[in-house]
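**Q**
2 protein chains.
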Amino acid sequence: MTRSTTRDAELRERAAQVIPGGMYGHESTKWLPDEYPQFFSRASGARIWDIDDNEYIDFMCAFGPNLLGYNDATIEAAAERQRRLGDTLTGPSAAMVELAERFVALVSHADWAMFCKNGSDATSMALMVARAHTGRSKIIMARGTYHGSHTWNTPLKAGITPEDRANLIYCDYNDPQSLQDAAAQAGGDLAGIFATAFRHEVFRDQALPDPEYAATARRICDETGALLVVDDVRAGFRIARDCSWSVVSVQPDLSCWGKMIGNGYPISALLGSDKARAAAQKIFVTGSFWFSAVPMAAGCATLDHIRDSDYLERMVRVGTVLRDRLQQQAASHGYTLRQTGPVQMPQILFEEDPDFRRGFCWTAEAVKRGVYLHPFHNMFVCAAHTEDDVRRTLEATDAAFEALRNREPTLGPVEKLAAFAEMR
Amino acid sequence: MTRSTTRDAELRERAAQVIPGGMYGHESTKWLPDEYPQFFSRASGARIWDIDDNEYIDFMCAFGPNLLGYNDATIEAAAERQRRLGDTLTGPSAAMVELAERFVALVSHADWAMFCKNGSDATSMALMVARAHTGRSKIIMARGTYHGSHTWNTPLKAGITPEDRANLIYCDYNDPQSLQDAAAQAGGDLAGIFATAFRHEVFRDQALPDPEYAATARRICDETGALLVVDDVRAGFRIARDCSWSVVSVQPDLSCWGKMIGNGYPISALLGSDKARAAAQKIFVTGSFWFSAVPMAAGCATLDHIRDSDYLERMVRVGTVLRDRLQQQAASHGYTLRQTGPVQMPQILFEEDPDFRRGFCWTAEAVKRGVYLHPFHNMFVCAAHTEDDVRRTLEATDAAFEALRNREPTLGPVEKLAAFAEMR
Numbered sequence: 000m001t002r003s004t005t006r007d008a009e010l011r012e013r014a015a016q017v018i019p020g021g022m023y024g025h026e027s028t029k030w031l032p033d034e035y036p037q038f039f040s041r042a043s044g045a046r047i048w049d050i051d052d053n054e055y056i057d058f059m060c061a062f063g064p065n066l067l068g069y070n071d072a073t074i075e076a077a078a079e080r081q082r083r084l085g086d087t088l089t090g091p092s093a094a095m096v097e098l099a100e101r102f103v104a105l106v107s108h109a110d111w112a113m114f115c116k117n118g119s120d121a122t123s124m125a126l127m128v129a130r131a132h133t134g135r136s137k138i139i140m141a142r143g144t145y146h147g148s149h150t151w152n153t154p155l156k157a158g159i160t161p162e163d164r165a166n167l168i169y170c171d172y173n174d175p176q177s178l179q180d181a182a183a184q185a186g187g188d189l190a191g192i193f194a195t196a197f198r199h200e201v202f203r204d205q206a207l208p209d210p211e212y213a214a215t216a217r218r219i220c221d222e223t224g225a226l227l228v229v230d231d232v233r234a235g236f237r238i239a240r241d242c243s244w245s246v247v248s249v250q251p252d253l254s255c256w257g258k259m260i261g262n263g264y265p266i267s268a269l270l271g272s273d274k275a276r277a278a279a280q281k282i283f284v285t286g287s288f289w290f291s292a293v294p295m296a297a298g299c300a301t302l303d304h305i306r307d308s309d310y311l312e313r314m315v316r317v318g319t320v321l322r323d324r325l326q327q328q329a330a331s332h333g334y335t336l337r338q339t340g341p342v343q344m345p346q347i348l349f350e351e352d353p354d355f356r357r358g359f360c361w362t363a364e365a366v367k368r369g370v371y372l373h374p375f376h377n378m379f380v381c382a383a384h385t386e387d388d389v390r391r392t393l394e395a396t397d398a399a400f401e402a403l404r405n406r407e408p409t410l411g412p413v414e415k416l417a418a419f420a421e422m423r
Numbered sequence: 000m001t002r003s004t005t006r007d008a009e010l011r012e013r014a015a016q017v018i019p020g021g022m023y024g025h026e027s028t029k030w031l032p033d034e035y036p037q038f039f040s041r042a043s044g045a046r047i048w049d050i051d052d053n054e055y056i057d058f059m060c061a062f063g064p065n066l067l068g069y070n071d072a073t074i075e076a077a078a079e080r081q082r083r084l085g086d087t088l089t090g091p092s093a094a095m096v097e098l099a100e101r102f103v104a105l106v107s108h109a110d111w112a113m114f115c116k117n118g119s120d121a122t123s124m125a126l127m128v129a130r131a132h133t134g135r136s137k138i139i140m141a142r143g144t145y146h147g148s149h150t151w152n153t154p155l156k157a158g159i160t161p162e163d164r165a166n167l168i169y170c171d172y173n174d175p176q177s178l179q180d181a182a183a184q185a186g187g188d189l190a191g192i193f194a195t196a197f198r199h200e201v202f203r204d205q206a207l208p209d210p211e212y213a214a215t216a217r218r219i220c221d222e223t224g225a226l227l228v229v230d231d232v233r234a235g236f237r238i239a240r241d242c243s244w245s246v247v248s249v250q251p252d253l254s255c256w257g258k259m260i261g262n263g264y265p266i267s268a269l270l271g272s273d274k275a276r277a278a279a280q281k282i283f284v285t286g287s288f289w290f291s292a293v294p295m296a297a298g299c300a301t302l303d304h305i306r307d308s309d310y311l312e313r314m315v316r317v318g319t320v321l322r323d324r325l326q327q328q329a330a331s332h333g334y335t336l337r338q339t340g341p342v343q344m345p346q347i348l349f350e351e352d353p354d355f356r357r358g359f360c361w362t363a364e365a366v367k368r369g370v371y372l373h374p375f376h377n378m379f380v381c382a383a384h385t386e387d388d389v390r391r392t393l394e395a396t397d398a399a400f401e402a403l404r405n406r407e408p409t410l411g412p413v414e415k416l417a418a419f420a421e422m423r
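Going line by line, the protein sequences match chains W and H. Heads up: the first sequence is residues 0 to 423, going by numbering that gives the first Met the number 0. Heads up: the second sequence is residues 0 to 423, going by numbering that gives the first Met the number 0.
(1) Quick check: what's the CA-CA separation for residue 256 (chain W) versus residue 422 (chain W)?
(2) Round the Cβ separation of residue 37 (chain H) and residue 263 (chain W) to the nearest angstrom and send it over; I've been treating them as touching at under 8 Å.
(3) Which same chain residues, not among the five before or five after residue 129 (chain H), have their C-beta less than 6 Å away from its C-beta?
(4) Restricting to runs no shorter than 3 residues, where is the beta strand (DSSP E) found entirely within the region 33-59 of chain H?
(5) Does the beta-carbon of residue 19 (chain H) have 16 or more other beta-carbons within 10 angstroms, so that it is buried, or is it exposed?
(6) Quick one, which residues of the region 343-355 of chain W are near chain H if we go by CB-CB under 7 Å, in chain order?
(7) For the region 85-105 of chain W, list every residue whose C-beta sits within 8 Å of some C-beta in chain H, in sequence order.
(8) Roughly how many angstroms lie between the CA atoms of residue 140 (chain W) and residue 218 (chain W), to the nearest whole one?
(9) Under DSSP, the beta strand (DSSP E) around residue 192 (chain W) begins and ends at which residues?
(10) Could you tell me whether any Cβ in chain H is nearer than 8 Å to the Cβ of residue 184 (chain W)?
(11) At a cut of 8 Å, does the region 277-286 of chain W reach the region 114-126 of chain H through at least three beta carbon pairs?
(12) Along chain C, in chain order, which residues have C-beta atoms closer than 8 Å to that of residue 57 (chain W)?
(13) Just list the residues that DSSP pairs residue 437 (chain H) with in beta bridges.
(14) Look at residue 11 (chain W) and residue 21 (chain W) and say whether their C-beta atoms are less than 8 Å apart.
(15) Let me know if residue 70 (chain H) comes out buried or exposed under the rule of 16 or more other beta-carbons within 10 Å of its beta-carbon.
(16) I need the straight-line Cα distance from residue 147 (chain H) to residue 122 (chain H), nearest angstrom please.
(17) Using 8 Å for Cβ pairs, my map puts residue 196 (chain W) next to residue 233 (chain W). What's the rounded Cβ distance?
(18) Between which residues of its own chain and residue 170 (chain W) is the CB-CB distance below 8 Å, once the five residues before and five after are set aside?
(19) Looking at the structure shown, is residue 262 (chain W) part of a helix, part of a strand, or coil, going by DSSP?
(20) Since I believe residue 343 (chain W) is in contact with residue 369 (chain W) (beta carbons under 8 Å), could you give me their beta-carbon distance rounded to a whole number of angstroms?
(21) Pull out every residue of the region 239-258 of chain W whose Cβ sits closer than 9 Å to any Cβ of chain H, in chain order.
(22) Given that residue 167 (chain W) touches chain H, what residues does it touch there, using C-beta distances under 7 Å?
(23) What three-state label does DSSP hand residue 22 (chain H) in the structure shown?
(24) Since residue 228 (chain H) is in the beta strand (DSSP E), which residue starts that stretch and which ends it?
(25) Rounded to a whole number of angstroms, what is the C-alpha to C-alpha distance between residue 207 (chain W) and residue 55 (chain H)?
(26) Hey, how far is the Cα of residue 131 (chain W) from the Cα of residue 52 (chain W)?
(27) I'd like to confirm the pairing. Which residues does DSSP put opposite residue 115 (chain H) in its beta bridges?
(28) Among residues of its own chain, excluding the 5 on either side of residue 137 (chain H), which ones have a beta-carbon nearer than 7 Å to its beta-carbon?
(29) State buried or exposed for residue 86 (chain H), treating a residue as buried only when at least 16 other CB atoms are found within 10 Å of its CB.
(30) On the DSSP letters alone, give me the boundaries of the alpha helix (DSSP H) that residue 415 (chain H) sits inside.
(31) Does residue 117 (chain W) have its Cβ less than 8 Å from a Cβ in chain H?
(32) From which residue to which residue does the beta strand (DSSP E) around residue 346 (chain W) run?
(33) Would the C-beta of residue 309 (chain H) count as close to the ligand MG, meaning under 7 Å from any of its heavy atoms?
(34) Looking at chain H, is there any beta carbon in it that lies within less than 8 Å of the beta carbon of residue 289 (chain W)?
(35) Can you tell me which of H:230, H:243, H:334 puts its alpha carbon nearest to the alpha carbon of residue 311 (chain H)?
(36) Excluding the 5 residues flanking residue 396 (chain H) on each side, which residues of the same chain have their C-beta closer than 7 Å to its C-beta?
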């Protein structure tokens, strides 16, 4: 393998001068194996090319936004039509109404939509709407769940004050009793219950929502008048053509969306039922680019595609083939994988790998062979992934398992992960 | 005047079904005269067209993002080149480093840059960096100042808890003594002082920063180790080719930017000095679209234009002509205008107009004649405004003054503003 990394190394050096730590946030490679490229030059379908022009089958899909394929012709044409007219203007365009109408038609619980830019915008708006609706303060959410990087939820502790989280009560995801205990603790001051679409924390096995847990959350909200919020920012439209909790037959009052709703164009959304409409009207939230027309035109085209195509069934099919074959392949090399979460959002961890050294080695070897996996974060299948991509992926992972077997005796603990754990 | 408003009325009806209140945020017309269109179809240069194809000379510039003219050919070409390659990817592009390098070269105090999407993202990051840097909690900011719509600053009270603001201490902008009093109140727990570039609150006269106030803020920070933050989200690059407080010779430790830095493409930024770099590395902040390449390519082209062209001098020239002639024109109709703020970000209020009835009537009459002004929010000149635009604007405002004089006896208090005041 003669894989150039020259330009990436040069850019990292320049970045270290003018960006704190050289890079930050969820796309930083500082907690990934050294073999991962930091900078990319282009993308098409399910492929990305790094800045040195190395090609990868991409199972991160920009951490979710790539739902239908990078540079999808239909979405790009819709965006381009709007772009010629205008994007960020002194008021919204018709596309804002058209996109809200599409969401209300597609998502069962939704009677209205508000658009924003980040997933964190949508979850913070849900927080405010729940409080404005109830006139109460306390919010229940599951320990360790990621609901965005605003001060009330960001996973690292730097820059956070105790007051930022004074009104949060934590429960354990999928544990109905802990939810009831949390509600009892909130007493008469419960404004809302936040729930992630499914458990998709880093470093651990994923879990679909337990139906009893979901029903308990709904019941507590109905009994207390609090609002039930499903955070679908990461999972939206990869689980269902509806809110992800539709699979456990529970309808929230509010749901948060982002990432994939414009197939990569920057837009997120808070959807709500009529019950929460008056409160949503009372809060003041806004952003300079929240009403920009191009991402809304892209969103309309994306939602039409979601409604009309078999994109979801194709992702499930490809994800299933990948999971099944990987399990066999791992076994043939004497390894057992813990593959959890929906097949279209796979988490792949190694058995007997408490410090992730196997996962780090295996994904590093895969990246060197043109397959971009993640050693501890859930991955994403998109509608542009084909069974041929899976075949090529398996060629790379087969060689990666072999390399792992050879390197196994030399592997040590992953030091950068220890540093990460200290910051949490 | 035969000005159609049919499509706008239809869209408002549809919007009322699927968007709370029909529209929200800073681009909602619910606190504007009834004559204002809510929805727009296209834009070019300094012109916007509403959904009924009525044309306006636009003095809001999308509330700031339009700095060089809508659909500026150079910016659009740079964005289009990047778009063909890719936008939201699994990692950042070279454009992120190139944009950070441009900011560091252009803004005196800046040694590094972090990019985000909303102005609110940048101000909240500044809050976190100040706290991470000092290990302290308290933040001083001026009463009534807008630093974004996150819970710690949004101007309406719905959905906010007392804890959201427990660590804020308020002073009066441009009053050095009140700043010293606030610092005394913070005692040993002062993390930072926030300062808006200049006073640009709604409903009141604007004010440039008082040099003594700015120097006092800098001195308190130097003495206590707290960080000085200038919020340049609204004013950035309209006052100077540097941080806006460069005009009073004070350098902050952090500055917040947004709106205009990609000439309408969605991007904002936190800039910092080396002193704050280690703290910036410690916080965890991110967003799904923060590392998208297209807005960064647009940002590079915008900053090159800022550095190399006379865009700022042209805006000042056009703004000066507009202010001078409007003052004469108002006098010729027997009115006195209070025109405050920099001429390139004008605030226009009427003398003897405590309940804004005159301002509402005059701007409504101007909108009917194809000039989009704002009755209580600062406006924005862009580099595409010409002296011919000013000439046409003055024709419309002349007729608007005459209409105001005729309607004056029938004017009553503006009821929607009373409703707004109740929500604050």
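Backbone N, C-alpha and C fix where the C-beta goes; we use that ideal spot for every residue, glycine too.
**A** Looking at the coordinates:
(1) As a working mapping, residue 256 (chain W) is identified with position 257 in the first sequence. As a working mapping, residue 422 (chain W) is identified with position 423 in the first sequence. Looking at the two C-alpha atoms, the distance is approximately 28 Å.
(2) As a first step, residue 37 (chain H) is located in the second sequence; it is residue number 38 there, counting from the start. As a first step, residue 263 (chain W) is located in the first sequence; it is residue number 264 there, counting from the start. The pair is not a contact, with the Cβ atoms about 28 Å apart (cut-off 8 Å).
(3) On the second sequence, position 130 is the one that residue 129 (chain H) refers to. If we look at residue 129 (chain H) and ignore the five residues flanking it on each side, its Cβ neighbours are 190, 191, 226.
(4) 39-43, 46-49, 54-57
(5) The residue labelled residue 19 (chain H) in the question sits at position 20 within the second sequence. It counts as buried.
(6) none
(7) 85, 86, 87, 88, 89, 90, 91, 92, 93, 95, 96, 99, 100, 102, 103
(8) Position 141 of the first sequence holds residue 140 (chain W). Position 219 of the first sequence holds residue 218 (chain W). Using only the alpha carbons, I get a separation of about 16 Å.
(9) By one-based count along the first sequence, residue 192 (chain W) stands at place 193. Taken as a continuous stretch (DSSP letters only), the beta strand (DSSP E) holding residue 192 (chain W) covers 189-195.
(10) On the first sequence, residue 184 (chain W) is found 185 positions in, with the first residue counted as 1. No, residue 184 (chain W) does not count as interfacial toward chain H.
(11) yes
(12) Given the protein chain composition of this structure (W and H), no chain C is represented.
(13) Because residue 437 (chain H) is not part of the residues shown, which for chain H are 0 to 423, the question remains open.
(14) Working through the first sequence from its first residue, we reach residue 11 (chain W) at position 12. Working through the first sequence from its first residue, we reach residue 21 (chain W) at position 22. Contact: yes.
(15) As a position in the second sequence, residue 70 (chain H) is number 71, starting the count at 1. Under this definition residue 70 (chain H) is a buried residue.
(16) Residue mapping note: residue 147 (chain H) aligns to position 148 of the second sequence, counting from 1. Residue mapping note: residue 122 (chain H) aligns to position 123 of the second sequence, counting from 1. Distance between the alpha carbons of residue 147 (chain H) and residue 122 (chain H): 7 Å.
(17) Against the first sequence, residue 196 (chain W) aligns to sequence position 197. Against the first sequence, residue 233 (chain W) aligns to sequence position 234. Going by Cβ atoms, the distance from residue 196 (chain W) to residue 233 (chain W) rounds to 7 Å, so yes, they are a contact pair.
(18) Counted from its first residue, the first sequence places residue 170 (chain W) at position 171. Correct list, in chain order: 139, 140, 141, 142, 177, 178, 180, 181.
(19) In the first sequence, the residue the question calls residue 262 (chain W) occupies position 263. Note: residue 262 (chain W) maps to strand in three-state DSSP.
(20) Position 370 of the first sequence, counted from the first residue, corresponds to residue 369 (chain W). Position 344 of the first sequence, counted from the first residue, corresponds to residue 343 (chain W). About 21 Å separates the two Cβ atoms, so there is no contact after all.
(21) 257, 258
(22) Locating residue 167 (chain W) in the first sequence gives position 168, where the first residue counts as 1. Those within 7 Å of residue 167 (chain W) in chain H number zero; the least Cβ separation is about 10 Å.
(23) Residue 22 (chain H) sits at position 23 when you count from the first residue of the second sequence. Correct three-state label for residue 22 (chain H): coil.
(24) Translated into the one-based positions of the second sequence, residue 228 (chain H) becomes position 229. Run containing residue 228 (chain H): 226-230, per the beta strand (DSSP E) assignment.
(25) Here residue 207 (chain W) corresponds to residue number 208 of the first sequence, with the count starting at 1. Here residue 55 (chain H) corresponds to residue number 56 of the second sequence, with the count starting at 1. Their backbone Cα atoms lie some 52 Å apart in a straight line.
(26) Counted from its first residue, the first sequence places residue 131 (chain W) at position 132. Counted from its first residue, the first sequence places residue 52 (chain W) at position 53. Approximately 50 Å between the Cα atoms of the pair.
(27) Translated into the one-based positions of the second sequence, residue 115 (chain H) becomes position 116. In the DSSP output, where bridge partners are listed per residue, residue 115 (chain H) has H:267.
(28) By one-based count along the second sequence, residue 137 (chain H) stands at place 138. Result list for residue 137 (chain H): 166, 168, 185, 188, 189, 190, in chain order.
(29) In the second sequence, counting from the first residue as 1, residue 86 (chain H) sits at position 87. Residue 86 (chain H) should be labelled buried.
(30) Position 416 of the second sequence holds residue 415 (chain H). Where residue 415 (chain H) is concerned, the enclosing alpha helix (DSSP H) stretches over 414-422.
(31) Locating residue 117 (chain W) in the first sequence gives position 118, counting from the first residue. True, the Cβ-Cβ gap to chain H drops below 8 Å.
(32) The residue given as residue 346 (chain W) occupies position 347 in the first sequence. Unbroken beta strand (DSSP E) run through residue 346 (chain W): 346-349.
(33) You won't find the ligand MG in this model; it holds no ligand whatsoever.
(34) Here the question's residue 289 (chain W) lines up with position 290 in the first sequence. Judged by the 8 Å Cβ criterion, residue 289 (chain W) is in contact with chain H.
(35) Position 312 of the second sequence, counted from the first residue, corresponds to residue 311 (chain H). Comparing Cα positions, the closest option is H:243.
(36) Taking the first residue of the second sequence as position 1, residue 396 (chain H) is located at position 397. Result list for residue 396 (chain H): 325, 328, 365, 370, in chain order.
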